[in-house]
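A.B. asks: Protein chains in written order, with the numbering used here: chain A, 3 to 229; chain B, 313 to 420.
Where is the CB? At the ideal position from N, CA and C, for every residue including glycine.
Computed from a prediction, not measured in an experiment: that's the story for all the values here.
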């Protein structure tokens, strides 16, 4: 493969005009390395959340009734709406990458902005749910209020998992939103071209991964037993 | 590269249908199969997102391998740990079953 833009040895710095770094033969090789690096990072992220999922599995099997009872305290309507909002943000992120592959800077900026709007809506709904749980005294600890004395311990365990898992997920979204904002400015500046837009591609991978985490969190937290 | 916009919208529609299915399935009495059904639907959604939104369908074999590896290690961690916790009741003479504090009968 030959690089249509520059001979590999001629340039040293990465810039908008010449995105090829010195250690790569061509842009396709550079793109592949960027993508592989991102997937390696995502593999570690799977295990980051995986540890919490494992703890969840053990405790859910120990206290199935308490977890079913506690899960029913979560607001299924808002949970379902939030899942739809987040899946919508994944659609707009995929469309941003689609625009990047065609080198359409304004299209990238537009869909990144839409993704941020959906992301903000998700975090807003999540914040409202947290506030509601605070109001209902469902934060584990000394002020936890539970009508069934037989399950007050495991119920707090459930809510501990709820807050830690959704909290870690929300932190990932906040980081993603900050990166999206920076990327939005860069897209408007015209930094991304059809030939070189690996950052947008990797942003998409990160965002979709965080979406996938929620795809599992939603049934595990909101849908333990609604029958 | 030409646009895949139509495929992304179709995928989104499928994800919305699956979201409806998982909420519906949670409301019918499936007993101990409820969790398996919920996880199966979540897995299908994840595959759709991975293959289409994350382009695994058109990526190289090495990247697909890396994407699968994360799930493989997760599966190993889950399988080995749960093979302990979920079989303790089969060998009460080796590991006391009471290692899990007994859940009192729910009050409803």
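1) If contacts are defined as beta-carbon pairs under 8 Å, then residue 110 of chain A and residue 194 of chain A qualify, I think. What distance do you get, rounded to the angstrom?
2) Could you tell me whether the Cβ of residue 329 of chain B comes closer than 8 Å to any Cβ of chain A?
3) State the CB to CB distance for the pair residue 117 of chain A and residue 209 of chain A, rounded to an integer number of angstroms; the pair is presumed to be in contact (CB under 8 Å).
4) Count Cβ pairs between the stretch 139 to 147 of chain A and the stretch 197 to 208 of chain A that sit closer than 8 Å; are there 3 or more?
5) Run the CB neighbour count on residue 27 of chain A, radius 10 Å, all protein chains shown included, and call it buried at 16 or more, exposed below.
6) Mapping the DSSP letters down to three states, classify residue 399 of chain B as helix, strand or coil.
7) Where does residue 15 of chain A land, buried or exposed, given buried means 16+ other C-beta within 10 angstroms?
8) Would you mind reading off the limits of the alpha helix (DSSP H) that contains residue 43 of chain A?
9) What residue range is occupied by the uninterrupted alpha helix (DSSP H) comprising residue 82 of chain A?
10) Using a Cβ-Cβ cut-off of 8 Å, state whether residue 335 of chain B counts as contacting chain A.
11) What does a CB cutoff of less than 7 Å around residue 123 of chain A pick up in its chain, not counting 5 residues either side in sequence?
12) Under 7 Å between beta-carbons, which chain B residues line up against residue 213 of chain A? List them in chain order, please.
13) Rounded to whole angstroms, what's the CA-CA distance from residue 216 of chain A to residue 333 of chain B? Just pull it up for me.
14) At the level of alpha carbons, what is the spacing between residue 223 of chain A and residue 315 of chain B?
15) In chain order, what residues of the same chain have a beta carbon less than 8 Å from the beta carbon of residue 186 of chain A, not counting five sequence neighbours either side?
16) Count the C-beta pairs between the stretch 168 to 183 of chain A and the stretch 99 to 106 of chain A that are closer than 8 Å, then say yes if the count reaches three, no if not.
17) Tell me, please, whether the CB atom of residue 110 of chain A is closer than 8 Å to any CB atom in chain B?
18) Given residue 54 of chain A, which residues of its chain have a CB within under 6 Å of its CB, disregarding the five upstream and five downstream residues?
19) With distances taken from CA atoms, which of A/20, A/212 and A/134 is nearest residue 75 of chain A?
20) Cutting at 6 Å between CB atoms, please list the residues of its own chain near residue 162 of chain A, excluding the five before and the five after it.
21) Assuming contact is defined by CB atoms lying nearer than 8 Å, are residue 226 of chain A and residue 70 of chain A in contact in what I supplied?
22) Can you name the start and end residues of the alpha helix (DSSP H) that residue 117 of chain A belongs to?
23) Taking only the alpha-carbon atoms, compute the straight-line gap between residue 395 of chain B and residue 182 of chain A and give it to the nearest angstrom.
24) Buried or exposed for residue 198 of chain A, going by 16 or more other Cβ atoms inside 10 Å?
25) Is DSSP giving residue 190 of chain A helix, strand or coil here?
26) Consult DSSP for residue 366 of chain B and reduce its assignment to one of helix, strand or coil.
27) Between residue 65 of chain A and residue 377 of chain B, what straight-line distance do the alpha-carbon atoms span, to the nearest angstrom?
28) Along the stretch 368 to 391 of chain B, what residues have a CB closer than 8 Å to any CB found in chain A?
29) Am I right that residue 125 of chain A and residue 172 of chain A are in contact with their C-beta atoms under 8 Å? What's the rounded C-beta distance?
30) Answer yes or no: do residue 203 of chain A and residue 37 of chain A have a C-beta to C-beta separation smaller than 8 Å?
31) Just curious, the alpha helix (DSSP H) that residue 141 of chain A is in, first and last residue?
32) According to DSSP, is residue 148 of chain A part of a helix, a strand, or is it coil?
C.D. replies: With the given structure in hand:
1) 6 Å
2) no
3) Their Cβ separation, rounded to whole angstroms, is 7 Å, which keeps residue 117 of chain A and residue 209 of chain A in contact under 8 Å.
4) no
5) It is exposed - the Cβ of residue 27 of chain A has fewer than 16 other Cβ atoms within 10 Å.
6) Note: residue 399 of chain B maps to coil in three-state DSSP.
7) Annotation note: pLDDT 47 at residue 15 of chain A (below 50); position unreliable, coordinate value reported separately. It counts as exposed.
8) 29 to 64
9) Its alpha helix (DSSP H) spans residues 78 to 103.
10) yes
11) 87
12) 361
13) 16 Å
14) 37 Å
15) If you ignore the 5 residues before and after residue 186 of chain A, its C-beta comes within less than 8 Å of the C-beta of 111, 114, 115 and 118, all in its own chain and listed in chain order.
16) no
17) Using a CB distance cut-off of 8 Å, residue 110 of chain A does not count as an interface residue toward chain B.
18) 167
19) A/134
20) Shown here for residue 162 of chain A: same chain residues with a beta carbon closer than 6 Å to its own, the five before and five after excluded, namely 142 in chain order.
21) A distance below 8 Å separates the beta carbons of residue 226 of chain A and residue 70 of chain A.
22) 107 to 137
23) 41 Å
24) buried
25) Looking at residue 190 of chain A - three-state DSSP - the assignment turns out to be helix.
26) coil
27) 36 Å
28) 371, 372, 374, 375, 378, 379, 381, 382, 383, 385, 386, 389 and 390
29) 6 Å
30) Cβ atoms of residue 203 of chain A and residue 37 of chain A: closer than 8 Å.
31) No alpha helix (DSSP H) holds residue 141 of chain A; DSSP gives it neither H nor E.
32) Here residue 148 of chain A sits in coil by DSSP.
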